[in-house]
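Chemist: Take 227 as the starting number for the sequence shown in this note's numbering and just add one per residue. For every residue, glycine included, the Cβ atom is placed at its ideal position computed from N, Cα and C. None of these values were measured; they are calculated from a predicted model.
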Amino acid sequence: MKITGPEAPFLLKIAAALLAASLIIFSTSVSWAQQEQAAFRALASGDSAPDISVVPVAGGAEMLLSFGGGDNSKAPALVWFWFMSCENCVKDMKFMRDIQKKYKKGIYLFAINVDKPLERAAVKNFVKNNGISGYQNFFDKITENTFSVSYDASDKFGINRTPAIFIIDKTGKIIFSAENDIDFDEVEKNIETAIKKRRD
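(1) Looking only at DSSP bridge pairs, what is Ile338 linked to?
(2) Considering Ser380, what are the terminal residues of the alpha helix (DSSP H) in which it resides?
(3) Report the three-state DSSP secondary structure of Phe352 (helix, strand or coil).
(4) Which whole-angstrom value is the C-beta distance of Val349 and Asp366, which I expect to be below 8 Å?
(5) I need the boundaries of the alpha helix (DSSP H) containing Phe402, first residue and last residue.
(6) Bridge partners for Phe373 per DSSP, in chain order?
(7) Could you say which of Phe309, Ala390, Ala270 and Gln362 lies nearest to Phe352 if we only look at CA atoms?
(8) Apart from the five residues on each side of it in sequence, which residues of its chain come closer than 7 Å, Cβ to Cβ, to Lys342?
(9) Which residue's Cα is closest to the Cα of Ala268: Lys382, Ile401, Val413 and Asp411?
(10) Whose C-alpha, out of Pro276, Arg346 and Leu304, is nearest the C-alpha of Lys330?
(11) For Ala420, report the span of its beta strand (DSSP E) as first-last.
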């Protein structure tokens, strides 16, 4: 379209301004999409394990778990995310009990439940009756807003599906991660690697 007449310079300026605004909006949308995608990328081998806020299932105040080394470090560690309605989570509890019996003296074992606060009484009974009390059991710290729900530990680890498992070495680096369909032979192999590194 060709713009002519006395209004042409003014209309061209408006068109240019609209084009510039469109480019800014598009660029911002792409940037936010990239940030959101990055925020929910599951952490993998080689990534540093984040500090996470959790609430003890047994009761008590919110606390911070740190895996980054130093006197307060909880590493090496196995961190397992689960929720009650997850069939694979329930199925895998047998393997988790076996791991607890075999490796409890060599590695920190954490089970983090991601059910919402209304389910927590039921979760406590479930933990008590299903034999995972040998783990350090926590609820994820959940913040519910009007239009969103945020999970501190799950979001930081980038959990997409449960069960999810992470093995962390003494330096705070993740050396193994898996979601949904977990190979427990690989889990044990990497636990032994983490314990060996602890002794080196």
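Modeler: Once the coordinates are examined:
(1) The residue given as residue 338 occupies position 112 in the sequence shown. DSSP, once it has assigned bridges, lists Phe307 and Phe364 as partnering Ile338.
(2) Within the sequence shown, residue 380 is the residue found at index 154, counting from 1. That run of the alpha helix (DSSP H) goes Asp378 to Phe383.
(3) Here residue 352 refers to the residue found at position 126 when the sequence shown is read from its first residue. Residue state, collapsed to three classes: helix.
(4) On the sequence shown, residue 349 is found 123 positions in, with the first residue counted as 1. On the sequence shown, residue 366 is found 140 positions in, with the first residue counted as 1. About 11 Å; that fails the 8 Å criterion.
(5) Taking the sequence shown and counting its residues from 1, one reaches residue 402 at position 176. It is not in any alpha helix (DSSP H) - Phe402 instead sits in the beta strand (DSSP E) that spans Ile400 to Glu405.
(6) Sequence index remark: in the sequence shown, residue 373 carries index 147 (1-based). Paired residue(s): none; Phe373 is not in a bridge.
(7) The residue labelled residue 352 in the question sits at position 126 within the sequence shown. Checked all of Phe309, Ala390, Ala270 and Gln362; the closest Cα to Phe352 is Phe309.
(8) To locate residue 342, count along the sequence shown from 1; it is residue 116. Taken in chain order, the residues that qualify are Ile368.
(9) The sequence position of residue 268 within the sequence shown is 42, counting from 1. The shortest Cα separation from Ala268 among Lys382, Ile401, Val413 and Asp411 belongs to Lys382.
(10) Here the question's residue 330 lines up with position 104 in the sequence shown. Selected option, being the one with the closest Cα: Leu304.
(11) To locate residue 420, count along the sequence shown from 1; it is residue 194. Taken as a continuous stretch (DSSP letters only), Ala420 belongs to no beta strand (DSSP E), being part of the alpha helix (DSSP H) at Phe410 to Arg425.
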